[in-house]
Amino acid sequence: STTRLWGGRFGGGPSDALTALSRSTHFDWALAPYDLAGSRAHARVLHRAGLLTDDELDRMVAALTELSAEVAAGTFTAVESDEDVHEALERGLTGKLGALGGKLRAGRSRNDQIATDLRLYLRHTVRALVGELAALESALVDLAQRYRDVPAPGMTHLQHAQPVLLAHQLLAHAHAFARDVDRLRDWDRRTAVSPYGSGALAGSSLPLDPDAVAAELGFDRASDNSIDGVSDRDFAAEFCFAAALIGVHLSRLGEEVVLWTSTEFGWARLDDAWATGSSIMPQKKNPDIAELARGKSGRFVGNLTGLLTMLKGLPLAYDRDLQEDKEPVFDSMGQLLLLLPAVTGMVATLTLRPEVLEAAAPQGFALATDVAEWLVRQGVPFRSAHEISGAMVAACERRGLELHELSDTELAEVAPELTPGVRSVLSVRGALAARRARGGTAPERVAEQLASLTALAREH
Ligand code: ARG
Numbered sequence: 033s034t035t036r037l038w039g040g041r042f043g044g045g046p047s048d049a050l051t052a053l054s055r056s057t058h059f060d061w062a063l064a065p066y067d068l069a070g071s072r073a074h075a076r077v078l079h080r081a082g083l084l085t086d087d088e089l090d091r092m093v094a095a096l097t098e099l100s101a102e103v104a105a106g107t108f109t110a111v112e113s114d115e116d117v118h119e120a121l122e123r124g125l126t127g128k129l130g131a132l133g134g135k136l137r138a139g140r141s142r143n144d145q146i147a148t149d150l151r152l153y154l155r156h157t158v159r160a161l162v163g164e165l166a167a168l169e170s171a172l173v174d175l176a177q178r179y180r181d182v183p184a185p186g187m188t189h190l191q192h193a194q195p196v197l198l199a200h201q202l203l204a205h206a207h208a209f210a211r212d213v214d215r216l217r218d219w220d221r222r223t224a225v226s227p228y229g230s231g232a233l234a235g236s237s238l239p240l241d242p243d244a245v246a247a248e249l250g251f252d253r254a255s256d257n258s259i260d261g262v263s264d265r266d267f268a269a270e271f272c273f274a275a276a277l278i279g280v281h282l283s284r285l286g287e288e289v290v291l292w293t294s295t296e297f298g299w300a301r302l303d304d305a306w307a308t309g310s311s312i313m314p315q316k317k318n319p320d321i322a323e324l325a326r327g328k329s330g331r332f333v334g335n336l337t338g339l340l341t342m343l344k345g346l347p348l349a350y351d352r353d354l355q356e357d358k359e360p361v362f363d364s365m366g367q368l369l370l371l372l373p374a375v376t377g378m379v380a381t382l383t384l385r386p387e388v389l390e391a392a393a394p395q396g397f398a399l400a401t402d403v404a405e406w407l408v409r410q411g412v413p414f415r416s417a418h419e420i421s422g423a424m425v426a427a428c429e430r431r432g433l434e435l436h437e438l439s440d441t442e443l444a445e446v447a448p449e450l451t452p453g454v455r456s457v458l459s460v461r462g463a464l465a466a467r468r469a470r471g472g473t474a475p476e477r478v479a480e481q482l483a484s485l486t487a488l489a490r491e492h
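Residue numbers 33 to 492, in the UniProt record's numbering, belong to the letters of the sequence shown in order.
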């Protein structure tokens, strides 16, 4: 006898090619624990509906518990002939219970099961993902704390722009990951809806209790619409977007680490345990973690794009296309859980070179804006102040000097407004301290960020 879930009306088949195409156990097996949890909840609902006796419920729950243990231990697995995780688990259950095992399928469909399973899987694994994001936030905050007084070149267009505290830059990355955590929490609120009870698409004529199943599985409530219940994959697409954005954030951080550890920048050194070597060039120490973070961002975007493209144009309710929802979701989750601990370790063990950073901070005439703003404070309109400060830069470039190296006479030659008083703003420390409004890079504002992000990372 076949273990297939749908043999009744078929004379022959399926063809080998169809079987091979259809089979999903090599990826949907990850949902087995969640499918079994759903089955336990469903068994209780069938019992309360009078469709299982007390004794049948006890035997059913015992067999499901046993099967769960075997799945966890790897002693029960899918076989070649199983189409999907649901079919494999029913084979396991009927193997233990005989005909009684076949009673569990009443009132449910693989369509509402799979939609529920994927939500359960994601809600569970997202908790681990949030833990990894919090660890990265903490590593960034700790690094910022360790080097909190170090000035660095702040850049736009990858050109020296204005000096900042390096801690300010590191915390900018931490803010991005804090938003990612916030986004996932918000996602969870919408995902905490159980499709169980939607059946194939229309609900069930049996007296089931979707709210009870929802509660037992940790959802806030059951779906209000059974068609939406089996059709909706918003939670999968939203997760893939959140994952893609985390990937983009990791990629941007990775790119900076690649730059900072280059010979040309020389701002930072990687710890040996978090860098790799070359098979031919003995001197090499490569930032592979940072590069893999940059590189993997492509597949996260690809997973999101693939999933949305699959969903586009699908008629409601269930279509087999939806089976293609799982691999992108699993891949994004799996890759993030692989990548994040490596990036966190790399950040946590990064050694910065304060002397290099501090020396580079004023280079490239990075205090020219401070000169212009000093002139504004003397009553010069910003339009002229910008011109004067620009002329000062040009004078320095001609002479091969830095701004503070111009003599009083040379300053006055550039513009009479440039009195020796301007020297008060020609220091990096002065420029940093002056940016003390909310969000600025002044040491006291950065100290506040350190405190608030430390608390946030702990709460995450
Ligand atoms: N394996 C399917 C999926 O992953 C669920 C089964 C629904 N199959 C069906 N023929 N209605 O989406």
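All residues carry an ideal CB built from backbone N, CA and C; glycine is no exception.
Model, not experiment: these values are computed from the prediction.
Task: Where Val412 sits in the DSSP three-state scheme - done: In the sequence shown, residue 412 corresponds to position 380, counting from 1. Coil at Val412, not helix or strand.
TODO: Return the chain-ordered list of same chain residues with a C-beta closer than 8 Å to the C-beta of Leu249, the five sequence neighbours on each side being excluded.
DONE: Residue 249 sits at position 217 when you count from the first residue of the sequence shown. Counting only Cβ-Cβ distances below 8 Å, and skipping sequence neighbours, we find Ala69, Gly70, Ala73, Thr148, Leu152, Ser226, Tyr228.
Open item on the list: Taking 6 Å as the limit, name every residue whose beta carbon sits nearer than that to some heavy atom of the ligand ARG, in sequence order.
Closed with: Taking every residue with its beta carbon within less than 6 Å of a heavy atom belonging to the ligand ARG gives, in chain order, Ser56, Asp60, Asp116, Arg142, Asn143, Ile146, Tyr350, Arg352, Leu354, Gln355.
Task: Chain-order list of residues whose beta-carbon lies under 7 Å from that of Val280 (same chain, five-residue window excluded) - done: One-based indexing of the sequence shown puts residue 280 at position 248. Excluding positions up to five away in sequence, the list reads Ser329.
Open item on the list: If you measure between the beta carbons of Ala64 and Leu136, is that distance less than 9 Å?
Closed with: The residue you call residue 64 lines up with position 32 of the sequence shown. The residue you call residue 136 lines up with position 104 of the sequence shown. Contact: no.
Task: Inter-stretch contact at 8 Å, needing at least 3 Cβ pairs: the region 347–358 / the region 243–263 - done: yes
TODO: Using 10 angstroms around the beta-carbon of Val245, count the other beta-carbons present and answer buried if the total reaches 16, otherwise exposed.
DONE: Your numbering for residue 245 matches position 213 in the sequence shown. Classification for Val245: buried.
- [ ] Answer yes if the region 271–289 comes into contact with the region 332–344, meaning at least three C-beta pairs across the two stretches below 8 Å, and no otherwise.
- [x] Yes: at least three Cβ pairs fall under 8 Å.
Task: Pair within 9 Å by beta-carbon distance, Leu372 and Leu324 - done: Reading the sequence shown from its first residue, position 340 is the one you call residue 372. Reading the sequence shown from its first residue, position 292 is the one you call residue 324. In this structure, Leu324 does not lie closer than 9 Å to Leu372 by Cβ.
Task: Span separating the alpha-carbon of His200 from that of Arg468 - done: Stepping through the sequence shown from its first residue, residue 200 is reached at position 168. Stepping through the sequence shown from its first residue, residue 468 is reached at position 436. Cα-Cα distance, rounded: 12 Å.
Task: As assigned by DSSP and simplified to three states, the class of Gly471 - done: To locate residue 471, count along the sequence shown from 1; it is residue 439. Coil at Gly471, not helix or strand.
Task: Endpoints, alpha helix (DSSP H) assigned at Leu125 - done: Numbered from 1 along the sequence shown, position 93 holds the residue referred to as residue 125. Note, Leu125: alpha helix (DSSP H), 117–129.
- [ ] Quick one: grab the DSSP three-state call for Gly45.
- [x] For the purposes of this step, residue 45 is identified with residue 13 of the sequence shown, where counting begins at 1. The three-state reading of DSSP puts Gly45 in coil, since its state is none of H, G, I, E or B.
Open item on the list: Just verifying my parser: in three-state terms, what is the DSSP assignment at Ser33?
Closed with: Here residue 33 refers to the residue found at position 1 when the sequence shown is read from its first residue. Because the pLDDT at Ser33 is just 47, under 50, the model does not fix this residue reliably, and the value given afterwards should be weighed accordingly. Reduced to three states, the DSSP call for Ser33 is coil.
Task: Where residue 27 falls, given that 16 or more other Cβ within 10 Å makes a residue buried - done: In the structure displayed, the chain extends from 33 to 492; residue 27 sits before or after that span and is not available.
Task: Residue range of the beta strand (DSSP E) that includes Val196 - done: For the purposes of this step, residue 196 is taken as residue 164 along the sequence shown, with counting starting at 1. Taken as a continuous stretch (DSSP letters only), the beta strand (DSSP E) holding Val196 covers 191–197.
TODO: May I have a chain-ordered list of the alpha helix (DSSP H) segments no shorter than 4 residues that lie completely inside the region 318–386?
DONE: 320–343, 358–380
Task: Cβ of Arg123 within 9 Å of any chain C Cβ - done: The structure shown has no chain C; it contains just one protein chain.
Open item on the list: Classify Ala487: buried if its beta carbon has 16 or more other beta carbons within 10 angstroms, exposed otherwise.
Closed with: Start at 1 with the first residue of the sequence shown, and residue 487 comes out as number 455. By the 16-neighbour rule on beta-carbons within 10 angstroms, Ala487 is exposed.
Open item on the list: Taking 8 Å as the cut-off, does the region 53–64 touch the region 108–115 (at least 3 CB pairs, one atom from each stretch)?
Closed with: yes
Open item on the list: Taking 8 Å as the cut-off, does the region 303–313 touch the region 392–412 (at least 3 CB pairs, one atom from each stretch)?
Closed with: no
TODO: Check each candidate in Val77, Glu115, Ala81 and name the one with the smallest Cα separation from Asp48.
DONE: As a first step, residue 48 is located in the sequence shown; it is residue number 16 there, counting from the start. Nearest C-alpha to Asp48: Glu115.
- [ ] Would you identify the three-state DSSP class for Ser54, choosing helix, strand or coil?
- [x] The count along the sequence shown starts at 1 and reaches residue 54 at position 22. Helix at Ser54.
Open item on the list: Pop quiz: Leu464 and Leu197 are said to be a contact at Cβ under 8 Å. What is the actual Cβ separation, rounded to whole angstroms?
Closed with: Locating residue 464 in the sequence shown gives position 432, counting from the first residue. Locating residue 197 in the sequence shown gives position 165, counting from the first residue. Yes, Leu464 and Leu197 are in contact; Cβ-Cβ is about 6 Å, under 8 Å.
Open item on the list: Considering Cα atoms alone, identify which of Gln194, Trp299, Asp357 is closest to Cys272.
Closed with: Taking the sequence shown and counting its residues from 1, the one referred to as residue 272 is at position 240. Measuring from the Cα of Cys272, the nearest candidate turns out to be Asp357.
Task: Coarse secondary structure for Gly432, derived from DSSP in three states - done: Locating residue 432 in the sequence shown gives position 400, where the first residue counts as 1. In this structure, Gly432 counts as coil in the three-state DSSP scheme.
Open item on the list: Here's a check: name, in chain order, each residue in its chain whose Cβ is nearer than 7 Å to the Cβ of Leu202, leaving out the five neighbours to either side.
Closed with: Stepping through the sequence shown from its first residue, residue 202 is reached at position 170. Closer than 7 Å at the Cβ level, and outside the excluded window around Leu202, lie Leu172, Leu175, Ala176.
Open item on the list: Distance check for Ala160 and Glu390, CA to CA, integer angstroms please.
Closed with: The residue you call residue 390 lines up with position 358 of the sequence shown. The residue you call residue 160 lines up with position 128 of the sequence shown. One C-alpha to the other measures close to 38 Å.
Open item on the list: Pairs of beta-carbons, one from the region 416–427 and one from the region 443–463, closer than 8 Å: are there three or more?
Closed with: They touch, by the three-pair rule.
TODO: Could you tell me the distance, in whole angstroms, from the CA atom of Glu437 to the CA atom of Thr451?
DONE: The residue labelled residue 437 in the question sits at position 405 within the sequence shown. The residue labelled residue 451 in the question sits at position 419 within the sequence shown. C-alpha separation (whole angstroms): 14 Å.
Task: Rounded C-alpha distance that separates Ala474 from Met313 - done: For the purposes of this step, residue 474 is taken as residue 442 along the sequence shown, with counting starting at 1. For the purposes of this step, residue 313 is taken as residue 281 along the sequence shown, with counting starting at 1. When rounded, the distance between both Cα atoms is 43 Å.
- [ ] Taking only runs that begin and end inside the region 197–279, name each unbroken alpha helix (DSSP H) of 4 or more residues, in chain order.
- [x] Counting whole runs of 4 or more residues, the region 197–279 contains the alpha helix (DSSP H) stretches 198–223, 242–248, 258–263.
TODO: In the DSSP assignment, find the unbroken beta strand (DSSP E) run with Thr188 in it and report its ends.
DONE: Here residue 188 refers to the residue found at position 156 when the sequence shown is read from its first residue. Run containing Thr188: 183–188, per the beta strand (DSSP E) assignment.
- [ ] Counting only the same chain and skipping the five closest in sequence on each side, list residues whose C-beta sits under 7 Å from that of Leu339.
- [x] As a position in the sequence shown, residue 339 is number 307, starting the count at 1. If we look at Leu339 and ignore the five residues flanking it on each side, its Cβ neighbours are Ala268, Ala269, Cys272, Asp357, Pro360.
Task: Same chain, Cβ closer than 6 Å to Leu165, neighbours up to 5 away in sequence not counted - done: Counting from one through the sequence shown, the residue named residue 165 turns up at place 133. Hits under 6 Å: Phe209, Asp212, Val213.
- [ ] Sort Phe297, Gly44, Ser459, Met378 by Cα distance to Met187 and report the nearest one.
- [x] By 1-based counting over the sequence shown, the position of residue 187 is 155. Selected option, being the one with the closest Cα: Phe297.
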